[in-house]
Structure formats: structure tokens, C-alpha cells
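Numbering (the UniProt record's numbering), first residue to last: 1 to 181. Ideal Cβ positions, reconstructed from N, Cα and C, are used throughout, including at glycine.
If you want it as C-alpha cells, here you go:
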């Protein structure tokens, strides 16, 4: 298993996101940003105890599972605050599900911990949530947020309806805060 090989792909200003691609046990790849504060980790399904140990070792104590078909083996890790937000594959999360995810992120930030979010492959549903994170916490437009996520994890945010979910979330924040870029 390859655990300590990192590929740095994010621009130098990137401060919040770390992306991992958890693949087969024998092909364990991590993609992380160079100057990361590790507040959010986005990845495919963590399928082994080693994957979960790696998250804990990197201060990722909150784990959000978006894929009801891929539950990680979290029950043997009491230090992981596990949350499940069930979103069907290739579908977008609803705005209330995005709000729940953002609430989990706010709690983790207040606790000084990071959040890990995953679906089966770490692209569609996970990409939407990561882009919404940037919209909320980095005041990015939906287009900029989706572009940054796609730079880090090509193929992210796979469908038009997933793109629309990021845009709808942005507009909900605009209405709430009475501001838009």
C-alpha cells in the first residue's frame, strides 16, 4: 500500500481543500494541495481501516458519507464523528443536504478539526459538496468553485444537475446574506 506518496497539484493560494483518491487497496493514491490547512478532504470511498487511520492521523475527525451504497468501516473508530447524507449516484444533493453538510463543516472548524467527505468515486456528489464549501467559506462564485475543484480532481461534478445544485446553493446564500458577486 502506498501511503506517503503525494502529488501536489493545487495553486499556491489554495488554503482549504485537500483531495484524496482512495482506490483499490493496492493502489492507494493521495492527491493533496501544497500549502493546505487541511480543513476539508474530498475523496472516494475509504474502504479499509488503514484509510480511516490515515484520516485521523491527518486531523480529519469528521467524516461525511454521501453514498448510501458505500459505508466505510467507521464503527471501529470512535474518534471519527461520522455523518451520513444519502444522495443517489449521479444525482445532486438537495439544498437542505448541502446546508447539513455546511453545518457539519462549521462544527468541525469550531472544534479545530477537519472534515472528510466522500461518495463512491469522490467526483460527482463529493465535488458538489466541495464546491459548495468554497462558495460558503471562500466567497467564490459557483463557476470559480467548480473550476477549482475540477482542477484538483478532473471529472468532478459530473452532471448538469450537479452543477445546478452548486449554483442554487450560491443563490440561496445570496438571498440569505443579501449579497451577490
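Taken through DSSP and simplified to helix, strand or coil, residue 61 comes out as strand. Counting only runs of 4 or more residues that sit fully inside the region 92 to 176, the alpha helix (DSSP H) segments are 95 to 110, 124 to 137, 142 to 152, in chain order. Taking 8 angstroms as the upper bound for CB-CB distance, residue 125 and residue 154 are not in contact here, some 16 angstroms apart. Per the coordinates, the alpha-carbon of residue 50 lies some 14 angstroms from the alpha-carbon of residue 44. By the beta-carbon neighbour count (other beta carbons within 10 angstroms, threshold 16), residue 177 is exposed. Looking at the DSSP output, residue 84 shares a beta bridge with 65. Taking C-beta atoms under 8 angstroms as the contact rule, residue 169 and residue 85 fail to qualify, at a distance of about 14 angstroms.
The continuous beta strand (DSSP E) containing residue 43 extends over residues 40 to 44.
The DSSP-derived three-state label of residue 90 is coil. The Cβ atoms of residue 131 and residue 149 sit closer than 7 angstroms to each other.
When only Cα atoms are considered, residue 108 and residue 129 end up about 15 angstroms apart. In the three-state scheme derived from DSSP, where H, G and I count as helix and E and B as strand, residue 75 is classed as helix.
Excluding its 5 nearest sequence neighbours in each direction, residue 79 has C-beta neighbours in its own chain below 8 angstroms: 56, 61, listed in chain order. Here the alpha carbons of residue 123 and residue 157 stand approximately 6 angstroms from one another.
Put simply, of 91, 52, 66 the residue whose alpha carbon is nearest the alpha carbon of residue 76 is 52. Taking the C-beta atoms as reference points, residue 47 is found no nearer than 7 angstroms to residue 119. Residue 166 is a Cβ neighbour of residue 142, given a cutoff of 7 angstroms.
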